[in-house]
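**Q** Encoded as structure tokens, here's the structure I'll be asking about.
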Amino acid sequence: MLVSLCGTPGTGKTSTARELRRRGYEILSERDLIRELGCFERYDSDADEYIADPDELRSSFLCLQGKEGDVVLDGHLSYLAPAGLVIVLRAPPWVVGQRLEKRGYPHDKVRENVIAEAVGYTLIRSMEEEKAQGGSDWKMLLEGDGKLVVERDVGSLTVEEAADWVERMIEGRRDKKIEVISPFRPGSVDWLEAHSRWY
Numbered sequence: 084m085l086v087s088l089c090g091t092p093g094t095g096k097t098s099t100a101r102e103l104r105r106r107g108y109e110i111l112s113e114r115d116l117i118r119e120l121g122c123f124e125r126y127d128s129d130a131d132e133y134i135a136d137p138d139e140l141r142s143s144f145l146c147l148q149g150k151e152g153d154v155v156l157d158g159h160l161s162y163l164a165p166a167g168l169v170i171v172l173r174a175p176p177w178v179v180g181q182r183l184e185k186r187g188y189p190h191d192k193v194r195e196n197v198i199a200e201a202v203g204y205t206l207i208r209s210m211e212e213e214k215a216q217g218g219s220d221w222k223m224l225l226e227g228d229g230k231l232v233v234e235r236d237v238g239s240l241t242v243e244e245a246a247d248w249v250e251r252m253i254e255g256r257r258d259k260k261i262e263v264i265s266p267f268r269p270g271s272v273d274w275l276e277a278h279s280r281w282y
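Whatever position you read off the sequence shown (first residue = 1), add 83 for the numbering used here.
Spelled out as structure tokens, the structure:
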């Protein structure tokens with residue numbers, strides 16, 4: 084099954100993906116795929132990122148269908164891939180801000196990502212993708228092969244704990260276990276009130 088591991092920059096996607104790789108999962112980097120497939124509009128050297136057109140990226144990600152075993156696609160736009168499970172990692176906006184500042188992100192980019200996390204931008208986009216695949220009843224999606232979205236605040240978890248949770252979600256999706264998936268359906272994380280402390 085293809086699994087999307089997404090979230091705002093600074094939520095722990097890549098660290099969690101590294102731990103999953105250590106545990107034997109095949110990990111694909113969205114950034115590397117964008118570069119290899121040439122599905123970007125331009126390269127932003129200031130931000131050190133490829134700017135991709137979402138529709139072109141969605142089409143390019145179709146090459147990932149039918150991969151054997153559990154494959155995890157790590158990247159903030161990976162929800163566009165034809166994944167059976169979309170895992171949105173969340174972290175408190177102030178934690179995201181601190182992590183990005185530590186990485187040396189410009190102030191404007193830090194602010195942009197803090198706001199994106201506060202309003203749940205990646206989660207909303209992921210849910211739109213789920214709904215586009217007939218996601219009006221998530222339990223029906225769980226029984227089938229449709230795209231299913233889960234989220235969790237992993238800001239206070241260790242990398243190992245976050246990877247443990249991701250593995251439980253993968254197993255829950257594969258085994259169609261409502262009791263495993265249900266507590267982590269969208270809506271369990273809300274930063275808007277807490278985010279007001281940033282202003």
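No residue lacks a Cβ here, since even glycine has one placed at the ideal position from N, Cα and C. If you're wondering where the values come from, they're calculated on a predicted model, not measured in any experiment.
#1: Take residue 137 and list the residues in its own chain whose beta-carbon comes closer than 8 Å to its own, dropping the five residues that flank it on each side.
#2: Check this for me: beta carbons of residue 135 and residue 117, under 8 Å apart or not?
#3: Give every residue of the same chain whose Cβ lies closer than 7 Å to the Cβ of residue 152, excluding the five residues on either side of it in the sequence, and list them in chain order.
#4: Three or more beta-carbon pairs under 8 Å between the stretch 186-204 and the stretch 213-223, yes or no?
#5: Measuring only the C-alpha atoms, how far is residue 223 from residue 231?
#6: Can you confirm whether the stretch 178-185 touches the stretch 245-258 when touching is taken to mean that 3 or more C-beta pairs between the two stretches lie within less than 8 Å?
#7: I need the DSSP call for residue 240, collapsed to helix, strand or coil.
#8: So, helix, strand or coil for residue 89, using DSSP?
#9: Short of 6 Å in beta carbon distance, which residues of its chain neighbour residue 112, apart from the five on each side in sequence? Order them along the chain.
#10: Are the CB atoms of residue 235 and residue 172 within a distance shorter than 8 Å?
#11: Roughly how many whole angstroms lie between the Cα atoms of residue 165 and residue 219?
#12: Quick one, which of 88, 141, 150 and 93 has its alpha-carbon nearest residue 168's?
#13: Using three-state DSSP, classify residue 271 as helix, strand or coil.
#14: By Cβ distance, which residues of its chain are closer than 7 Å to residue 179, with the 5 residues on each side in sequence left out?
#15: Which whole-angstrom value is the C-beta distance of residue 120 and residue 155, which I expect to be below 8 Å?
#16: Give me the Cα-Cα distance between residue 248 and residue 238, rounded to the nearest whole angstrom.
#17: What number of angstroms, rounded off, separates the C-alpha of residue 115 from the C-alpha of residue 140?
#18: Tell me residue 126's beta-bridge partners as DSSP assigns them.
#19: Let me know if residue 133 comes out buried or exposed under the rule of 16 or more other beta-carbons within 10 Å of its beta-carbon.
**A** The structure says:
#1: 160 and 163
#2: yes
#3: 109
#4: no
#5: 10 Å
#6: no
#7: coil
#8: strand
#9: 157
#10: yes
#11: 18 Å
#12: 88
#13: coil
#14: 91, 93, 94, 196, 197 and 200
#15: No, residue 120 and residue 155 are not in contact; Cβ-Cβ is about 18 Å, not under 8 Å.
#16: 13 Å
#17: 12 Å
#18: 133
#19: buried
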